[in-house]
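>
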Amino acid sequence: METVLITGASRGIGLELARQFKSRGYKVIATYRGTPSAALARLADNEQVQLVELEVTDNQAIARLGDELKGICIDILINNAGIIGPERQRVDAMNCQGWLDTFAVNTIAPFMVSTTLLANLKLAENPRIITISSNMGALSEDATGMYAYRSSKAAVNKVMKGLALELRGQGITVCPVEPGWVRTDMGGPSATLSAHECAADIAELAHSLTLKQSGKFFTWQGKERSW
20 METVLITGAS RGIGLELARQ FKSRGYKVIA TYRGTPSAAL ARLADNEQVQ
70 LVELEVTDNQ AIARLGDELK GICIDILINN AGIIGPERQR VDAMNCQGWL
120 DTFAVNTIAP FMVSTTLLAN LKLAENPRII TISSNMGALS EDATGMYAYR
170 SSKAAVNKVM KGLALELRGQ GITVCPVEPG WVRTDMGGPS ATLSAHECAA
220 DIAELAHSLT LKQSGKFFTW QGKERSW
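For the sequence shown, the working numbering gives the first residue as 20, with consecutive numbering after it.
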C-alpha cells in the first residue's frame, strides 16, 4: 500500500484528494489546522486514513511532524494548503502584512514541508512531490490585481522548479499543478469545476507521474502548461 500525505485536507480540493486516494487504496495522512472538519473526521473511519494537526506556517510544528513520521515511507506528498490572501491586494490598496502571510502559507510552507519529509520520500520507489499552484502564478499570463496571491504562486512555482533540479539525482519527482477554477470556499460558487472533478484528475496525475516529468508545470488534467 502506497502512502500519500496531503496538507490542508479539511475541505475543498484537499478533502476531495483524501477521498480519491482512499478510494484508490492508498494510506492517507491528512493534515488539518486547528480542528478537522466533520467531513474529514468521517473519512478517518479506519486505519487507512490518519489525521494529523499541522499549522503549515509553524516551523516547529513541521519539525514535529517530521519526528512523528520518522521512518515512515511517503510515496506522494501533496502541498495543498493555501490561502487567497488579504482582501486588499490592489494597486490602490495593499495589505502588506497580509501579503507576507500569503507568502508564508503559499510559498514558504510547501518548501519547508517538502524538505522536512525528504527522508520519508527517499524510502519510496517512486517519490513524488505535488504542489497545488495556480494559473494566476504563471508569468505567461497577462493579468492584474490579486498581487499577493499571484506573486505567492509564481514564487512557489520557481521554488518547485529549483527543487526538481536539486532532487532529480535523488530520484524525487517535483511538479507544481494548476487545479483550474474550482467551486470551493476559495474559488467561489461560479467556478467551472467541482472539487471532486479536479481532485480525481490530480489524483490520477499524481499516481502516474515519473521522474521523466519532473520540473514540469501541469494542469489538473495532466497537460503540460507554460510557466
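Think of the CB as a built atom: it goes at the ideal place given N, C-alpha and C, for glycine as much as any other residue.
1) Measure from the alpha carbon of G27 to the alpha carbon of each residue in K46, V71, M179, then state which is nearest.
2) Since A225 contacts I149 with CB under 8 Å, what's their CB separation in whole angstroms?
3) Roughly how many angstroms lie between the CA atoms of S133 and R38, to the nearest whole one?
4) Going by CA-CA distance only, name the one from L212, V47, A82 that's closest to V68.
5) Among the residues of its own chain, which have a CB less than 7 Å from the CB of L186, if the five just before and after it don't count?
6) For the beta strand (DSSP E) holding E21, just list the boundary residues, first then last.
7) Out of L142, N98, E144, R147, which one is the CA nearest neighbour of N125?
8) Can you confirm whether the region 141-158 touches the region 171-179 when touching is taken to mean that 3 or more C-beta pairs between the two stretches lie within less than 8 Å?
9) Of the choices L212, T203, A162, L137, whose alpha-carbon is the least far from that of G90?
10) What alpha helix (DSSP H) runs, 4 residues minimum, are completely inside the region 158-241?
11) Quick check on T150: does DSSP put it in helix, strand or coil?
12) Under three-state DSSP, which class holds R83?
13) Would you mind reading off the limits of the alpha helix (DSSP H) that contains A60?
14) I believe Y45 touches M20 by the beta-carbon criterion, under 8 Å. Please report the beta-carbon distance rounded to the nearest angstrom.
Let me spell this out:
1) On the sequence shown, position 8 is the one that residue 27 refers to. Checking every option, the nearest Cα to that of G27 belongs to V71.
2) For this step, residue 225 is matched to residue 206 along the sequence shown. For this step, residue 149 is matched to residue 130 along the sequence shown. That pair is a contact at about 5 Å.
3) In the sequence shown, counting from the first residue as 1, residue 133 sits at position 114. In the sequence shown, counting from the first residue as 1, residue 38 sits at position 19. Distance between the alpha carbons of S133 and R38 is about 22 Å.
4) Within the sequence shown, numbered from 1, the residue matching residue 68 stands at position 49. Residue V47 is the option with its Cα nearest to V68.
5) Walking along the sequence shown from the start, residue 186 turns up at place 167. Within the same chain, L186 has close Cβ partners V193.
6) Residue mapping note: residue 21 aligns to position 2 of the sequence shown, counting from 1. From DSSP, E21 is part of no beta strand (DSSP E); its letter is neither H nor E.
7) Here residue 125 refers to the residue found at position 106 of the sequence shown. Of L142, N98, E144, R147, the residue nearest in Cα terms is N98.
8) yes
9) Counted from its first residue, the sequence shown places residue 90 at position 71. When each option's Cα is compared against that of G90, the closest is L137.
10) 166-186, 214-227
11) Along the sequence shown, one-based indexing puts residue 150 at 131. It is a strand residue.
12) The count along the sequence shown starts at 1 and reaches residue 83 at position 64. It is helical.
13) Locating residue 60 in the sequence shown gives position 41, counting from the first residue. Counting along the chain, the alpha helix (DSSP H) containing A60 begins and ends at 57-62.
14) The residue given as residue 45 occupies position 26 in the sequence shown. The residue given as residue 20 occupies position 1 in the sequence shown. Contact holds; Cβ gap of about 7 Å.
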